[in-house]
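Just below is one structure, and these are the notes that go with it.
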């Protein structure tokens with residue numbers, strides 16, 4: 749019985765160790781890091797709503813892909829189909845929202861549940877981007 753317990757503990761430890769290897773990496777990034785990644789042509793995806801884009805503008809070159817509607821609802825299948833047109837599971841991309849809250853939730857979900865390999869979350873969102881004097885483009 750001791751050998752089986754030893755095997756079970758060893759096997760569980762190996763599973764735990766290797767499960768972290770295949771997990772995606774969510775990077776919590778600053779505006780400085782956002783600029784560096786954009787210079788490397790990593791796509792930026794703004795998950796806010798249309799009214800928010802119009803209110804503040806968006807980071808130039810970003811893809812506008814709303815995740816949560818005004819009621820907090822979402823259509824995961826539709827959103828993932830659109831995301832797939834921008835970045836595949838093994839390609840890096842950046843998520844931005846107003847303050848980093850929504851993108852934090854979405855990026856962790858993409859990491860832990862769906863196995864995306866490299867998701868970057870702009871931790872302070874578009875509000876800090878603008879506050880720091882970075883430019884945005886107007887959305888009509």
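Residue numbers (the numbering used here): 749 to 888.
Backbone N, C-alpha and C define an ideal beta-carbon position, used for all residues, glycine too.
On a predicted model such as this, the values are computed, not experimentally measured, just so you know.
- Per DSSP, the beta-bridge partners of residue 869 are 776 and 843.
- Boundaries around residue 854 are those of the alpha helix (DSSP H), 849-860, since no beta strand (DSSP E) includes it.
- Partner residues in the beta bridge of residue 793, as assigned by DSSP, are 811 and 843.
- Contact check for residue 778 and residue 792: beta-carbon distance about 14 Å, past the 8 Å limit, so the pair fails to qualify.
- At the C-beta level, residue 882 and residue 775 stay beyond 8 Å of one another.
- Between residue 797 and residue 829 the beta-carbon gap is near 19 Å, outside 8 Å, which marks them as no contact.
- In this structure, the straight-line span from the alpha carbon of residue 851 to that of residue 871 is close to 8 Å.
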